[in-house]
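K.L.:
Counting in the working numbering, the sequence shown runs from 80 upward without gaps.
Ideal Cβ placement from N, Cα and C applies to all residues, glycine included.
Once you've had a glance at the structure underneath, I'll fire off some questions.
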Amino acid sequence: MSEAPSPAHAVEVNVAAPLALLAEVTHRCPLRCPYCSNPLELDRASRELATADWIRVFGEAAALGVLQVHFSGGEPMARRDLVALVAHAARAGLYTNLITSGVLFDRAKMAELAAAGLNHVQLSFQDSEADNADRIAGLDGAHDKKLTAAALVREAGLPLTLNAVMHRQNLDHLPSVIDLAVRLGAQRLEVAHVQYYGWAIPNRRALFPTYEALERATVIVDAARERLKGVLTIDYVVPDYYARRPKACMGGWARQFINVSPAGKALPCHAAETLPGFDWPSLTTTSLSDAWYRSDAFNRYRGTEWMPEPCRSCDRREIDWGGCRCQAFAFTGDASRTDPACALAPDRPILDAARADALGPATDFVYRQIGGAPGA
Ligand code: SF4
Ligand code: SF4
80 MSEAPSPAHA VEVNVAAPLA LLAEVTHRCP LRCPYCSNPL ELDRASRELA TADWIRVFGE
140 AAALGVLQVH FSGGEPMARR DLVALVAHAA RAGLYTNLIT SGVLFDRAKM AELAAAGLNH
200 VQLSFQDSEA DNADRIAGLD GAHDKKLTAA ALVREAGLPL TLNAVMHRQN LDHLPSVIDL
260 AVRLGAQRLE VAHVQYYGWA IPNRRALFPT YEALERATVI VDAARERLKG VLTIDYVVPD
320 YYARRPKACM GGWARQFINV SPAGKALPCH AAETLPGFDW PSLTTTSLSD AWYRSDAFNR
380 YRGTEWMPEP CRSCDRREID WGGCRCQAFA FTGDASRTDP ACALAPDRPI LDAARADALG
440 PATDFVYRQI GGAPGA
């Protein structure tokens, strides 16, 4: 039963409960992916929410009407209390999904997680070829550990999704990435072109594909979807920089998802912490319900009232919700502008210039690290 806002406090009427909670339980990760969507300023272990706080948050989420919790990070398995957290979330009635790099898996841990009530595992791969995968991940031996993790998930009888982030340094291997997903027994594969947030921004030139390469990838995905009907479902995410219209980022600001950072800040998406001028609710002092229904941060870009033209009078305003606020801010310095990923946006020339720059000669990777990107 979802908790309804009291009319006396609700800033916006008709706000539904969030569907899913993205629990970023830590920013720690043994990998150093150059497209990591974590912020450049990573939360240190000493700032992470304590076990008891997470357990309270899961109880509040279930009371609020949340259906699923995605354990994410960083690498959620870096938390020693992960099994306990999964057990409490499952006991609260939440569907539990572990989003993991797989490099900290072993048979005993898999068994403990399954016994705790874990429902699903989403495992990331950097490539189908070990050497290139390890180079992209910044960790020798990572790929082989992921292969082992996939086998353990299937052995435990849990459904498996593979996530493959694609870019100019692995896109030629897309057919073998699809084969890998089938071979490992995944039911679903996410082929996700890099989205340019977090660490992907200083790595834009190292990652950005040509339009021709993107078109080839789309043809490959379409053919594989047809060929693998009933075997593998393929989700496909294209880069915003080639889009004519923006994506409905997170299904719209504070409409479906609530994200909790390792330090306990409630956010409408994992990238929102980059936006200045917000007092993000801290779940050490604020309830999840107050954060969702009553905080200025969650209400500021909800719905359509905040929209400038051309969104305000556009017939797609309740389809894409004006695009991504973080991308609008990254390009224009103003989060309330129309997302420049829209060809109708007055600021579209800024995105076009960024795309032209991103297509320049490839640079070396700037690997993710504590302390931020050098020179950023
Ligand atoms: S994208 Fe890579 S570095 Fe970032 S959390 Fe995932 S596995 Fe770790
Ligand atoms: S003008 Fe605004 S609402 Fe219309 S398509 Fe572009 S971003 Fe979406």
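(1) DSSP state of F357, grouped into three classes?
(2) Evaluate N249 with the Cβ neighbour count: other Cβ atoms within 10 Å of its Cβ, from every protein chain shown; 16 or more gives buried, anything less gives exposed.
(3) Leaving out five residues on either side along the sequence, give the residues of the same chain with a beta carbon under 7 Å from the beta carbon of C390.
(4) Identify which residue in A129, R267, V94 and D206 has its Cα closest to the Cα of V104.
(5) For ligand 2, is there any heavy atom lying closer than 7 Å to the beta carbon of D426?
(6) Cα separation between H88 and E191?
(7) With a floor of 4 residues, list each alpha helix (DSSP H) that falls wholly inside the region 261 to 295, ordered by position along the chain.
(8) Considering only DSSP beta bridges, list what E103 is partnered with.
(9) Give me whichever residues DSSP pairs with I337 in a beta bridge.
(10) Quick one, what's near ligand 1 if you take every residue whose CB is closer than 7 Å to any heavy atom, in chain order?
(11) Among T442, P109 and L101, which one has its Cα closest to the Cα of I280?
(12) If we count the other Cβ atoms within 10 Å of its Cβ and call it buried at 16 or more, is P453 buried or exposed?
(13) Within 10 angstroms of its Cβ, does A435 collect 16 or more other Cβ (buried), or is it exposed?
(14) By Cβ distance, which residues of its chain are closer than 6 Å to G172, with the 5 residues on each side in sequence left out?
(15) Quick check: the region 363 to 373 against the region 336 to 353, are there 3 or more CB pairs under 8 Å?
(16) Who pairs with V316 in a beta bridge, going by DSSP?
(17) For P389, verify whether its CB is less than 7 Å away from any heavy atom of ligand 2.
(18) Just to confirm, are A433 and Y321 a CB contact at a threshold of 8 Å?
P.N.:
Let me spell this out:
(1) The residue you call residue 357 lines up with position 278 of the sequence shown. Reduced to three states, the DSSP call for F357 is coil.
(2) Taking the first residue of the sequence shown as position 1, residue 249 is located at position 170. So N249 ends up on the buried side.
(3) Translated into positions along the sequence shown, residue 390 becomes position 311. Once the five neighbours on either side are set aside, the close Cβ partners of C390 are R396, G401 and T417.
(4) Here residue 104 refers to the residue found at position 25 when the sequence shown is read from its first residue. Closest by alpha carbon: A129.
(5) Here residue 426 refers to the residue found at position 347 of the sequence shown. Incorrect: D426 has no Cβ contact closer than 7 Å to ligand 2.
(6) By one-based count along the sequence shown, residue 88 stands at place 9. By one-based count along the sequence shown, residue 191 stands at place 112. With a pLDDT of only 39 at H88, under the threshold of 50, the placement of this residue in the model should not be trusted; the figure read from the coordinates follows. Whole-angstrom Cα-Cα distance: 42 Å.
(7) 283 to 286
(8) Here the question's residue 103 lines up with position 24 in the sequence shown. In the DSSP output, where bridge partners are listed per residue, E103 has S151.
(9) Within the sequence shown, the letter at position 258 stands for residue 337. Answer is L100.
(10) C108, L110, R111, C112, Y114, C115, S116, N117, G152, G153, E154, S180, S203, A216 and R447
(11) Here residue 280 refers to the residue found at position 201 when the sequence shown is read from its first residue. The shortest Cα separation from I280 among T442, P109 and L101 belongs to T442.
(12) Taking the first residue of the sequence shown as position 1, residue 453 is located at position 374. Counting Cβ neighbours within 10 Å, P453 comes out exposed, since fewer than 16 surround it.
(13) Mapped onto the sequence shown, residue 435 falls at position 356. Classification of A435: exposed, given that the 10 Å Cβ count is below 16.
(14) The count along the sequence shown starts at 1 and reaches residue 172 at position 93. Correct list, in chain order: A141.
(15) yes
(16) Along the sequence shown, read from residue 1 onward, the residue named residue 316 stands at position 237. DSSP output for V316 lists A271 as bridge partner(s).
(17) Translated into the one-based positions of the sequence shown, residue 389 becomes position 310. Taking the Cβ of P389 as the reference point, at least one heavy atom of ligand 2 falls within a distance shorter than 7 Å.
(18) Here residue 433 corresponds to residue number 354 of the sequence shown, with the count starting at 1. Here residue 321 corresponds to residue number 242 of the sequence shown, with the count starting at 1. Not a contact, by the Cβ cut-off of 8 Å.
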